[in-house]
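Read through the structure below, which is laid out as structure tokens, and then see the notes.
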Amino acid sequence: MFNDLKNKVAVVTGSSKGIGQSIAERFGQEKMSIVVNYYSDRLGAEKTVELIKAAGGRAVTVHADVNTESGVQSLLKSAIDNFGKLDIWVNNAGIENRVATHEMTLEEWQKVINVNLTGVFLGSKTALDYFVKNNVQGNIINMSSVHEQIPWPGFSHYAASKGGVKLFNETIAMEYADKGIRVNAIGPGAINTPINAEKFADKEQLKDTLEMVPMKRIGDPEDVAAAAAWLASNQSSYVTGITLFIDGGMTLYPSFQYGKG
Ligand code: NAI
Ligand code: BGC
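Number 400 in this note's numbering belongs to position 173 of the sequence shown; there are no gaps in the numbering.
The following block contains the structure:
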């Protein structure tokens, strides 16, 4: 646990399931107050609130599309109306779908870019505006991926969105560093969440994925949540602009693991 997180107020986008839900629960264990954002899964968001409250934190749910200005504004408003302030904003919401690039429609491209990259811009802009105007040394965490670095055939829109998150993250970290505002990204590898449920239910695909993970296990959402708590806390007070990979070694050129090449 990180004692300085107690009573801090956070927005976590896309926290009705998966990594976002786990981050929100971990923040609850840190006795924080959390705005739990959902897009379609209201019951999932209510479950997240239960988990937070059981852990000793406070929480409310807010329906919002992170790809709209009114959506992200409603998340900020909820933090202020319910908990009086904002300290931490986690841009976690993200989507993916497999489609060959020559068959990808403009609509498919835009959908992924809108949520994964424009959503990160809108969330960050909203939090930064509040931090600057209220002189808050706030904290932003952006959910990237190993695919900000590793190309991913069949997912060019997704890889492009995460590559965009990487440089956006680094740029705003530099832009606001002298105000004491910290901005960092997390780059998960293969994590056991609903986004991967179908893939990991298939034995062959699970085996193929594990071959790309030197530690030979799929990550748990809690592994990512622990990184988010550390980045949100003062224990990382001299860290800004990084991507912290939580990937069991996936970014380490796994094909070299057993001396091939
Ligand atoms: P998930 O599918 O379990 O959860 C995604 C969340 O985003 C859901 O709560 C969904 O409702 C929300 N969301 C989608 N569109 C939204 C919108 N327009 N507005 C608000 N919320 C919206 O996926 P998972 O795995 O928890 O992913 C979370 C983040 O982590 C994503 O950004 C994803 O790209 C990233 N990531 C996940 C990895 C994994 O292996 N699971 C690995 C690397 C990155
Ligand atoms: C994707 C997962 C994938 C992982 C490793 C993540 O960005 O969301 O579906 O398993 O990268 O390839």
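Glycine is no exception: its CB is placed at the ideal position from the N, C-alpha and C atoms. Source: prediction; values computed, not measured.
Given residue i as reference, the closest of the options once Cα atoms are compared
i    : options                   : result
S482 : Q256, A456 and V440       : V440
P421 : P380, V363, G321 and E431 : G321
V373 : Y480, T240 and D356       : Y480
A452 : N319, G350, K233 and L270 : N319
D405 : F358, D308 and G381       : F358
F382 : I340, G365, L355 and I399 : I340
T398 : A424, N369, A386 and N423 : N369
N246 : D447, G486 and G468       : Sequence check: residue 246 is Ile here, not Asn. With distances taken between Cα atoms, I246 lies closest to D447.
E375 : G365, G390, G486 and N366 : G390
I261 : D268, L270 and K233       : K233
Distance cut-off 7 Å: residue i Cβ against heavy atoms of the ligand NAD
i    : result
A417 : Ligands present in the displayed structure are limited to the ligand NAI and the ligand BGC, and the ligand NAD is not among them.
Boundaries of the alpha helix (DSSP H) in which residue i is found, first to last residue
i    : result
R285 : Looking at the DSSP string, R285 is not in any alpha helix (DSSP H); the run it does join, the beta strand (DSSP E), is R285 to H290.
F395 : S383 to Y403
W379 : Element bounds for W379: n/a, residue is neither H nor E.
A367 : Note on residue identity: the sequence assigns Ile, not Ala, to residue 367. From DSSP, I367 is part of no alpha helix (DSSP H) but of the beta strand (DSSP E) over N366 to M370.
Y357 : G346 to K360
N309 : E296 to F310
G255 : G245 to Q256
V451 : P448 to A459
I279 : R269 to A282
I340 : L333 to I340
L437 : K430 to E438
Residue i to residue j span [Cα, whole Å]
i    : j    : result
T295 : Y266 : 12 Å
A251 : I279 : 7 Å
I377 : S388 : 12 Å
I344 : S463 : Contrary to the premise, residue 344 reads as Leu rather than Ile in this sequence. If I take the Cα positions, the gap works out to 25 Å.
N361 : I307 : 12 Å
S371 : V363 : 24 Å
K426 : E334 : 24 Å
A386 : T467 : 22 Å
W519 : N324 : Here the chain comprises residues numbered 228 to 488, so residue 519 is not present and cannot be evaluated.
L270 : M259 : 21 Å
T470 : I418 : 16 Å
Endpoints, beta strand (DSSP E) assigned at residue i
i    : result
S260 : S260 to Y265
P415 : R409 to P415
F472 : T470 to I473
A237 : V236 to V239
V317 : I315 to N318
Other residues of its chain near residue i: CB distance less than 6 Å, five sequence neighbours each side excluded
i    : result
F472 : G414 and T478
Q248 : S242 and T275
A291 : N264, G298, S301 and L302
D450 : I473
G346 : V293, N294 and A320
Contacting residues, own chain, Cβ-Cβ under 7 Å from residue i (five flanking each side not counted)
i    : result
F348 : F395
M401 : G468
G476 : V440, P441 and M442
D231 : S460 and N461
Residue-level contact to chain C via CB, residue i, 8 Å cutoff
i    : result
K258 : The question asks about chain C, but that chain is absent: this structure has only one protein chain.
Per the contact definition of three or more C-beta pairs closer than 8 Å, is the segment 326-337 in contact with the segment 274-287?
-> Between the segment 274-287 and the segment 326-337, the count of Cβ pairs shorter than 8 Å is below three; the stretches do not touch.
Do three or more CB pairs link the segment 231-248 to the segment 306-314 at distances below 8 Å?
-> In this structure the segment 231-248 lies against the segment 306-314, because at least three pairs of beta carbons, one per stretch, are closer than 8 Å.
Are three or more beta carbon pairs between the segment 248-259 and the segment 279-287 nearer than 8 Å?
-> Cβ pair count under 8 Å is three or more, so yes.
Is there contact between the segment 396-416 and the segment 454-472, where contact requires at least three CB pairs shorter than 8 Å?
-> Yes, they touch.
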